[in-house]
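S.K.: Each residue of the sequence shown is one higher than the one before, counting from 165 in this note's numbering.
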Amino acid sequence: MTGSSTQSEIDQRLVAALRRRNLRVTSQRLVIHRALCSRIQHMTAEQVLGAISPSLPGVSLPTVYATLELLETLGLVRRLATGSGAVLFDSRVQQHAHTVCRQCGATSDLDGAPASNRAFARAADAGFAPDHAQLVIWGLCPACAAQVRAA
Ligand SMILES: [Zn+2]
Ligand SMILES: [Zn+2]
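#1: Look up V264 in the DSSP assignment and give the residues it is bridged to.
#2: With burial defined as no fewer than 16 other Cβ atoms inside 10 Å of the residue's Cβ, what is the status of A209: buried or exposed?
#3: If contacts are defined as beta-carbon pairs under 8 Å, then T271 and L299 qualify, I think. What distance do you get, rounded to the angstrom?
#4: Using only alpha-carbon positions, find the residue among T246, L187, D273, L194 that is nearest to E173.
#5: So which residues put a beta carbon under 5 Å from any heavy atom of ligand 1, going in chain order?
#6: When every heavy atom of ligand 2 is checked, does at least one fall within less than 6 Å of the C-beta of D254?
#7: Quick one: residues in its chain with C-beta nearer than 7 Å to the C-beta of A279, no 5 flanking neighbours on either side, listed in chain order?
#8: Can you tell me the Cα-Cα spacing of T237 and A314, whole angstroms?
Next comes the structure, spelled out in structure tokens:
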């Protein structure tokens, strides 16, 4: 969770990562990274655009995508393919599994050792150089499951 980080800590992470690669620190990059770290944890590019528009009017969706891709390259954000609709961007980069509700799309983190660790190790055994694995569990969230039971 990034909930315990202050805004300046969040900014410092980005500034350090940009400087390591001799990339410019721009307000656009700072604001987009802040939005990802301080709001709901899994966001689509459209949601990021909606969150930053009040402070950065005029920024376009392609710019948001380009910045998200840069943040991904810098290791500050992970792309999460939930298999249903838009790609989500996750500011929690440590390995973790997700649950995705097939009815409402709610995406949550699942703590604890993900089962994908074993597949990850097998890939390494096979001579593959893995860098990360994703485990997504589909089903119904508690609210949607309750609705189904009530119907
Ligand atoms: Zn649901
Ligand atoms: Zn996550």
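The beta carbon of each residue, even a glycine, is placed where N, CA and C say it ideally should be.
M.R.: Reading off the structure:
#1: Looking at the DSSP output, V264 shares a beta bridge with T271, W302.
#2: Its Cβ being crowded by 16 or more others within 10 Å, A209 is buried.
#3: With a Cβ gap of about 13 Å, T271 and L299 do not count as contacting.
#4: Answer by Cα proximity: L194.
#5: Those satisfying the condition are, in chain order, C265, Q267, C268, A270, C305, C308.
#6: True, at least one ligand heavy atom lies under 6 Å from that Cβ.
#7: Only residues of its own chain outside the window of five on either side were considered, and among them L299 have a CB closer than 7 Å to the CB of A279, listed in chain order.
#8: Approximately 45 Å between the Cα atoms of the pair.
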